[in-house]
Amino acid sequence: MDVGSQKQLLFDDHVILEAVDARRVFHQATKVAEPVIVTNPAEEEELSCRWVMYDERLGRFRMWYLAVNRADLPLCYAESNDGIHWVRRVATPGSQGTARLEPFNKTGIVDPNSTDAGLQAPQYEMAVWYDSREIDPQKRYKMMFDKHESSMHCPAYSADGYSWTAAGETAVWSPKMIRAARRKKPDWYTDECNHFIHDPLRNRCIGMMRERLGYPGTLTSADYFRRIIFYESEDLVHFQKLDGHFTTDRVDGAGAHIYWMTGFVNEGVYIGLPTVFYTAEAARQSQRDRLWICIAFSRDGSHWSWPQRRPFLPRGEEGRIGSGMMFTHSQGVVHEDKIYFYYNGSSELHDGSEGPHQSGLGCATLRVDGYASLQAQSPPGSPAIVLTKMLRYQGDRLLVNADARGGKIKVDLLVEATKVDADTGDATKQLPETSDPITGDSPRHVVTWSGNGDLKQFEGVPIRVRFTISGNAKLYSFQFAPHTARRFDHQLGLPVVSQ
């Protein structure tokens, strides 16, 4: 298996050949105690976060969100230095066609003077992202939104994220298409809760569309079933359906539907954030009419594994934000060795039976690569032995993300063949059998053998990596990388090499 300098997350056995006395533990994100933005009752009933990014050029977090249940449902904007404390801002026209940010003044609307009727009153469906590969600087920021008068999904573009220009109509879903589909298959239809994400691995857009199976004319959810299907597009105009779908099954029990799904690319794999909805048919009273956010994984963006059927983002305390319903529309944002997840939370149940409710935007964090870890099966007993498949790598050092404060991790490189230097005829030198022990907590431990971490001599040679995990140590990921790498692309999972 050619892994190059790609980081290897350990949520599955993609690179693992054998694991003895080992267990895989999936981790929840840690919720920030208080909402990062709360609703202003005088201006909005709910807020809906649509996208968050950390802008390296500006040195701050940026958020695009909707003020829900207001007649015009505007797209709004906020900024933060730390991802937790946010300031709502409003963009106003500046000199030479540029936008100028002013303090929040009731609306926080992005470009309120837009002359584009389609953007003045978008529907609830809206996704925003930044495309660093876009050649046209006027289209670096991209949006898909549900056009108010036609309910058709349409693309829009912006150079700065403030001033937007709509461009045509994209018939991913439209009333006409739905009617045509139902004539062919009357037990199928779709409505709201469709979402779009940017896929930097294939430079495409993926549509995560909610599909309903069953007769739509009834009032009880027992008569239909929700799941997610996938579409893709390279130009935001022509979409093609992908194989596969994301759905609940017997493990989730009666009344469990997939209400919504978003996702993002992290370290070269697809991370899905499905919202699970438990209808009135759910077996447990504590689940009924509630929505919570789980986590799923994919290697291709359309076929998903869902190993943990529990909330990934912790629910709120009863009566607090997130106790009734939780949604997320944004990507996870990697910054300074943490991943930030933003969500919409409400104390209200789906059927509205809770009466007056609290709502706002919340945040939860996870250590970088911290979705899952490999650990010893029963510490302090036998250590876990994890052996990789045969790998070929690029780079001259091995980086390991591990928390070994409660134990230690040792690494063996098992070389399949001796590499001979074409110029000198010298064979590669063998490393000592076992590495120096990894202790402490770091997302980037450099593995060394008798103090030497230079692995250039084995670059391109088939090897296996054997990890011995003792005590309560946790192994999250590993990566071969050149020593010249000073930073890393956390979407692609590759080092950025300094010239």
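Going by this note's numbering, the sequence shown opens with residue -19, and the numbers climb by one from there. Positions of the beta carbon are idealized from the N, C-alpha and C atoms, including for glycine. Note that the coordinates shown come from a computational prediction; the quantities given were computed from them, not determined experimentally.
Tell me which same chain residues have a C-beta within less than 6 Å of the C-beta of tyrosine 34, skipping the five on either side of it?
Phe41, Val313 and His315
Note down, one range per segment and in chain order, each beta strand (DSSP E) of at least 3 residues found wholly within the segment 26 to 66.
26 to 35, 40 to 48 and 55 to 60
Nearest candidate by alpha-carbon position, reference serine 339, set Ala9, Phe125, Glu14 and Glu(-2)
Glu14
Which of helix, strand or coil DSSP assigns to proline 254
strand
Does the separation of the CB atoms of lysine 454 and serine 353 fall below 8 Å?
yes
Considering only their Cβ atoms, is the gap separating histidine 425 from leucine 484 smaller than 8 Å?
In this structure the chain extends from -19 to 479, so residue 484 is not present and cannot be described.
Would you mind working out which of Phe210, Trp144, Val217 and Gln220 sits nearest threonine 227, comparing C-alpha positions?
Phe210
Between the alpha carbons of threonine 259 and histidine 470, how many angstroms are there, rounded?
37 Å
Could you compute how far the alpha carbon of serine -15 sits from the alpha carbon of glutamate 212?
27 Å
Assigned secondary structure, proline 117 (DSSP; H/G/I helix, E/B strand, else coil)
helix
What is the DSSP secondary structure of proline 475, reduced to helix, strand or coil?
strand
Please state if the CB of glycine 252 and the CB of glycine 243 are separated by a distance shorter than 8 Å.
yes
Since methionine 189 and isoleucine 208 should fall inside the 8 Å C-beta cutoff, what is the C-beta to C-beta distance between them, to a whole number of angstroms?
7 Å
Would you call the CB atoms of isoleucine 275 and threonine 308 closer than 8 Å?
no
Which word fits asparagine 432, buried or exposed, when buried means at least 16 other C-beta atoms lie within 10 angstroms of its C-beta?
exposed
Please confirm whether any heavy atom of the ligand MN lies closer than 7 Å to the CB of valine 32.
As for the ligand MN, it is missing from this structure, which has no ligand bound.
Backbone CA spacing between leucine 435 and phenylalanine 205 [nearest angstrom]
53 Å
How many whole angstroms separate the CB atoms of alanine 485 and valine 12, which I take to be in contact at a CB cut-off of 8 Å?
Because the chain spans -19 through 479 in this model, residue 485 falls outside it and cannot be assessed.
Within the same chain, show all residues whose beta-carbon is closer than 7 Å to that of valine 5, passing over the 5 residues directly before and after it, in chain order.
Ala352, Ser353 and Gln355
Tell me the DSSP secondary structure of arginine 289 in three-state form.
coil
What does valine 249 pair with, by DSSP beta-bridge criteria?
Asn246
Contacting residues, own chain, Cβ-Cβ under 8 Å from lysine -13 (five flanking each side not counted):
Glu247, Gly248, Asp349, Ser457, Phe458, Gln459, Phe468, Gly473 and Leu474
Since isoleucine 389 and isoleucine 449 should fall inside the 8 Å C-beta cutoff, what is the C-beta to C-beta distance between them, to a whole number of angstroms?
5 Å
Do cysteine 185 and tryptophan 240 count as a contact pair if the criterion is CB distance below 8 Å?
no
Rounded C-alpha distance that separates arginine 466 from serine 422
16 Å
Could you give the DSSP three-state label for valine 427: helix, strand or coil?
coil
Considering only C-alpha positions, which residue in the set Phe447, Ala461 and Pro254 is nearest to leucine -10?
Phe447
Ignore the nearest five residues each way along the sequence and tell me which others in isoleucine 418's own chain have a CB closer than 8 Å to its CB.
Val380, Ala382, Ala384, Lys388, Ile389, Lys390, Val391, His425, Val427 and Ala453
Measuring CB to CB, does arginine 290 end up less than 8 Å from leucine 329?
no
Who pairs with threonine 145 in a beta bridge, going by DSSP?
Tyr137
In terms of residue numbering, what span does the beta strand (DSSP E) encompassing valine 313 cover?
313 to 315
Express the C-alpha separation of leucine 181 and threonine 114 in angstroms, rounding to a whole number.
In the sequence under discussion, the amino acid at residue 114 is glutamate, which differs from the threonine named in the question. Looking at the two C-alpha atoms, the distance is approximately 14 Å.
If you reduce the DSSP assignment to three classes, tell me which class aspartate 434 lands in.
coil
For my contact list, aspartate 483 and alanine 364 are in at a C-beta cut-off of 8 Å; report their separation, rounded to the angstrom.
This structure cannot settle anything about residue 483, because the visible part of the chain is limited to -19 through 479.
Rounded C-beta distance between leucine 371 and valine -5? I'm assuming under 8 Å.
7 Å
Could you give the distance in angstroms between the alpha-carbon of glutamate -2 and the alpha-carbon of proline 360?
21 Å
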